[in-house]
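Remarks on the structure that follows.
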Amino acid sequence: MLDRLAARLATAALRLPPARTRRVTLTRGIAVRVRDGVPLRTDHYAPALPGSPTVLIRTPYGRGGPMRLLGRLAAERGFHVVIQSCRGTFGSGGTFAPLVHEREDGLDTLDWLRRQPWWSGAFGMFGASYQGFVQWALAADAGEELRAMVAVVTASGTRDSTYAGESFALDTVLTWAELLQAQTVPWLARQWELKRGQPRLVAALAHLPLAEADRVATGVTVPFFQEWLRHHTPDAGYWRTRVFGDRIAEVHAPVAMVSGWHDIFLPAQLRDFAALRAAGARPRLTVGPWTHGSPGLFVAALRDGLDHLDAHLAGRPAGAGAAAPVRVHVGGAGGGWRDLPDWPPPAVPTPWHLYPDGGLSTAAPVPSAPDGFHYDPADPTPSLGGPLLVAQRAGPVDNRPVEARPDVLTFTSAPLEAPVEVIGPVRAEIHLRSELSHLDVFVRLCDVDRRGRSWNVCDGLVRVAPDRFPADAAGVVRVPVELWPAAHRFARGHRLRVQVSGGAHPRYARNPGTGEPLGTAVTLRAGWREILHDPQWPSAVVLPVLPPGSQVSVGGKNLL
1 MLDRLAARLA TAALRLPPAR TRRVTLTRGI AVRVRDGVPL RTDHYAPALP
51 GSPTVLIRTP YGRGGPMRLL GRLAAERGFH VVIQSCRGTF GSGGTFAPLV
101 HEREDGLDTL DWLRRQPWWS GAFGMFGASY QGFVQWALAA DAGEELRAMV
151 AVVTASGTRD STYAGESFAL DTVLTWAELL QAQTVPWLAR QWELKRGQPR
201 LVAALAHLPL AEADRVATGV TVPFFQEWLR HHTPDAGYWR TRVFGDRIAE
251 VHAPVAMVSG WHDIFLPAQL RDFAALRAAG ARPRLTVGPW THGSPGLFVA
301 ALRDGLDHLD AHLAGRPAGA GAAAPVRVHV GGAGGGWRDL PDWPPPAVPT
351 PWHLYPDGGL STAAPVPSAP DGFHYDPADP TPSLGGPLLV AQRAGPVDNR
401 PVEARPDVLT FTSAPLEAPV EVIGPVRAEI HLRSELSHLD VFVRLCDVDR
451 RGRSWNVCDG LVRVAPDRFP ADAAGVVRVP VELWPAAHRF ARGHRLRVQV
501 SGGAHPRYAR NPGTGEPLGT AVTLRAGWRE ILHDPQWPSA VVLPVLPPGS
551 QVSVGGKNLL
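Residues 1 to 560 (UniProt numbering) make up the sequence shown, in order.
And the structure:
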């Protein structure tokens with residue numbers, strides 16, 4: 001009764017299409033045995049509609065709460081919904097090892113579905129974050145029975161996101177490890193830890209060596225955290241069986257992707273989109289003003305996801321939201337939703353050059369002395385907002401506190417005489433000298449409003465080592481930095497700002513400056529570095545500026 005009431009309230013509040021049936025039978029805790037005999041606990045939501053297709057959701061986060069509401073909502077719209085706990089989580093047997101068993105367990109679950117009397121011969125998959133990784137693990141081998149996928153803030157591989165710029169996404173990985181461990185403790189104990197501000201996690205993020213940080217955060221050694229510290233080099237064979245992007249061209253089911261501009265997996269998800277397009281597929285893409293766990297993301301994923309499943313799994317007419325293959329939200333004053341035929345849209349790559357005296361301009365660089373700063377990993381430059389796992393700390397924030405630090409350089413344009421709309425991939429090229437050969441380069445683009453507040457738009461970090469980025473004869477290192485993609489409108493009177501610093505801790509593990517192994521480094525070396533910005537070494541950020549007359553539409557109307 002309560003489930004039915006919650007579903008009705010959610011349908012009204014979220015403006016979802018009306019239910020096709022209110023008669024849904026829930027069978028909980030089914031033991032689906034996989035090839036090695038491990039039972040995977042599974043819930044089945046059965047609608048009172050014959051011939052209904054199936055939606056499979058596999059998750060390590062439990063089958064109650066929001067998942068139970070999702071199961072009911074989808075079942076009321078005419079889908080058998082099967083929600084399964086990944087091995088080692090929430091009653092399923094075995095041990096949870098991220099990405100190791102998801103292909104085989106998914107295939108065995110599909111084989112179980114085929115033997116059910118209500119199986120129609122068609123299924124789709126739905127899920128966010130890790131629930132999306134398990135979709136990609138299964139998708140290439142699912143055959144023609146897989147008719148649709150809804151992949152929300154996720155990607156076919158986690159390796160690139162874990163080691164963005166060949167650094168280490170410390171905040172994401174350690175926070176996730178702590179979250180998984182917290183699922184095993186009593187609810188009241190967890191609430192008390194959250195109310196205290198998670199002091200153990202805070203201490204662990206600052207702890208060295210990193211190989212001890214998992215025990216500091218959780219009280220136990222987390223095997224996958226240890227493995228990810230050890231197998232961090234690009235050639236590590238460890239990841240070959242844990243990423244699934246090499247078979248993305250074999251996935252023929254229509255895919256709907258939903259992400260946010262401040263999501264931790266956005267670059268990887270857009271690479272998946274590009275790979276599908278290159279293979280001839282026509283995936284749908286929605287990118288909104290969301291972080292990894294923001295409520296708006298959940299609402300959009302539910303609406304877009306159910307619409308996609310209706311159209312491609314159930315064969316029902318698609319909703320109005322299916323008209324544009326790509327829909328993005330442009331941030332900033334005067335922004336809003338834009339409909340695009342593809343991603344990225346045609347844009348003019350426009351360099352904004354770093355200038356002396358903290359300037360930033362599209363004009364050619366001028367002869368100038370470099371700007372320098374001293375980076376000390378014992379007092380690392382802090383991260384502030386941006387793409388983080390925890391929604392409450394993520395997203396756009398006023399960057400003035402971090403910009404006031406002496407280890408952060410800022411380069412700011414004059415007030416804009418006309419709006420500048422940026423949509424697409426963003427990159428930077430930084431030329432530097434450093435007394436240390438091991439260092440990080442962090443670049444962030446901000447929108448400075450008329451009140452002087454500096455709001456982060458996108459950023460990126462690269463870990464520099466002499467074997468990856470050798471210096472030229474003058475001792476200068478050219479460092480290309482891929483920033484997060486962006487869609488932002490810089491309003492008239494606003495200013496563009498570029499930050500350059502030596503890190504963003506704890507979002508990225510600090511660079512100790514020594515070249516020691518990631519997990520065992522304890523020695524910290526501080527050092528000076530200079531950022532060059534002259535005609536020979538023209539440091540710049542390159543923005544995809546939408547040209548006048550671009551065929552971008554709002555609500556079906558072209559913007560000229």
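Here a beta-carbon is modelled for each residue, glycine too, at the ideal position from N, C-alpha and C.
Span of the beta strand (DSSP E) around residue i
i       : result
Glu-421 : 420-424
Gly-527 : 527-532
Thr-25  : 24-33
Phe-490 : 486-490
Gln-269 : Per DSSP, Gln-269 belongs to no beta strand (DSSP E); it is in the alpha helix (DSSP H), 266-278.
Val-287 : 284-291
Leu-496 : 495-501
Residues near residue i in its chain [Cβ-Cβ closer than 6 Å; skip 5 each side]
i       : result
Ala-74  : Val-55, Val-81
Tyr-355 : Ser-361
Leu-201 : Glu-178, Ala-217
Phe-225 : Ala-177, Asp-214
Arg-453 : Asp-398
Ser-434 : Arg-529
Trp-537 : His-431, Val-476
Val-222 : Ala-177, Asp-214
Residue range of the unbroken alpha helix (DSSP H) whose run includes residue i
i       : result
Glu-178 : 170-182
Gln-116 : Careful: Gln-116 lies outside any alpha helix (DSSP H) and carries neither H nor E.
Trp-455 : Trp-455 -> not in any alpha helix (DSSP H); beta strand (DSSP E) instead, spanning 454-464.
Trp-228 : 223-230
His-308 : 295-312
Asp-214 : 213-218
Residue of the options minimising C-alpha distance to residue i
i           : options                            : result
Leu-276     : His-252, Val-498, Leu-432          : His-252
Gly-335     : Val-258, Ala-301, Gly-288, Ile-30  : Gly-288
Cys-458     : Gln-84, Pro-267, Leu-436, Pro-254  : Pro-267
Pro-47      : Leu-70, Asp-36, Thr-25             : Thr-25
Arg-450     : Leu-107, Glu-435, Pro-415          : Pro-415
Phe-126     : Val-150, Ala-509, Val-134          : Val-150
Gly-515     : Ala-204, Ala-504, Arg-316, Ser-167 : Ser-167
Leu-107     : Arg-33, Gly-51, Ala-148            : Arg-33
Arg-525     : Ala-378, Val-498, Arg-427          : Ala-378
Phe-90      : Trp-343, Leu-180, Arg-507, Gly-372 : Leu-180
residue 605 : Pro-209, Asp-263, Arg-338          : Residue 605 lies beyond the range of the chain shown here (1 to 560); nothing can be said about it.
Arg-284     : Gly-260, Ala-256, Leu-99           : Ala-256
Val-462     : Val-448, Ala-428, Trp-343, Phe-490 : Ala-428
Asp-376     : Ala-504, Leu-16, Arg-115           : Ala-504
Leu-205     : Leu-543, Pro-506, Val-545, Gly-527 : Pro-506
Exposure of residue i, with buried meaning 16 or more beta-carbon neighbours within 10 Å
i           : result
Pro-295     : exposed
Ala-7       : buried
Thr-95      : exposed
Leu-297     : buried
Pro-172     : The sequence as given places Thr at residue 172; Pro does not occur at that position. It counts as buried.
Thr-233     : exposed
residue 563 : Residue 563 lies beyond the range of the chain shown here (1 to 560); nothing can be said about it.
Trp-176     : buried
Gln-269     : buried
Thr-291     : buried
Ala-521     : buried
Thr-381     : buried
Pro-512     : buried
Pro-387     : buried
Trp-484     : buried
His-308     : buried
Thr-59      : buried
Val-185     : exposed
Asp-36      : exposed
Val-498     : buried
Residues near residue i in its chain [Cβ-Cβ closer than 7 Å; skip 5 each side]
i       : result
Ile-430 : Val-441, Val-443, Val-479, Val-481, Val-500, Ile-531, Ser-539
Pro-466 : Ser-437
Asn-456 : Gly-385, Gly-386, Pro-396, Val-397, Asn-399, Arg-444, Cys-446
Trp-228 : Thr-162, Val-173
Gly-519 : Pro-209, Leu-210, Ala-211, Leu-229, Arg-230
Gly-121 : Glu-145
Test: residue i CB closer than 9 Å to a CB of chain B
i      : result
Pro-47 : Here chain B cannot be found, since the structure has a single protein chain.
Beta-carbon proximity list for residue i, same chain, < 8 Å, skipping 5 on both sides
i       : result
Glu-417 : Arg-492
Ile-57  : Met-67, Leu-70, Gly-71, Val-81, Val-82, Ile-83, Gln-84, Met-125, Phe-126, Gly-127, Gln-131
Gly-245 : Trp-136, Ala-155, Ser-156, Gly-157, Arg-271, Asp-272, Ala-275
Item to check | Every unbroken alpha helix (DSSP H) inside the region 39-99 [4 residues or more] | outcome: Fully enclosed alpha helix (DSSP H) runs of 4 or longer: 66-76.
Item to check | Those runs of the beta strand (DSSP E) which lie wholly inside the region 121-168 and span at least 3 residues | outcome: Listed in chain order, they are 123-128, 146-152.
Checklist entry - Enumerated in chain order, which unbroken segments of the beta strand (DSSP E) with a length of 3 residues or greater are wholly contained in the region 376-438? => result Counting only runs of 3 or more, we get 408-412, 420-424, 427-434.
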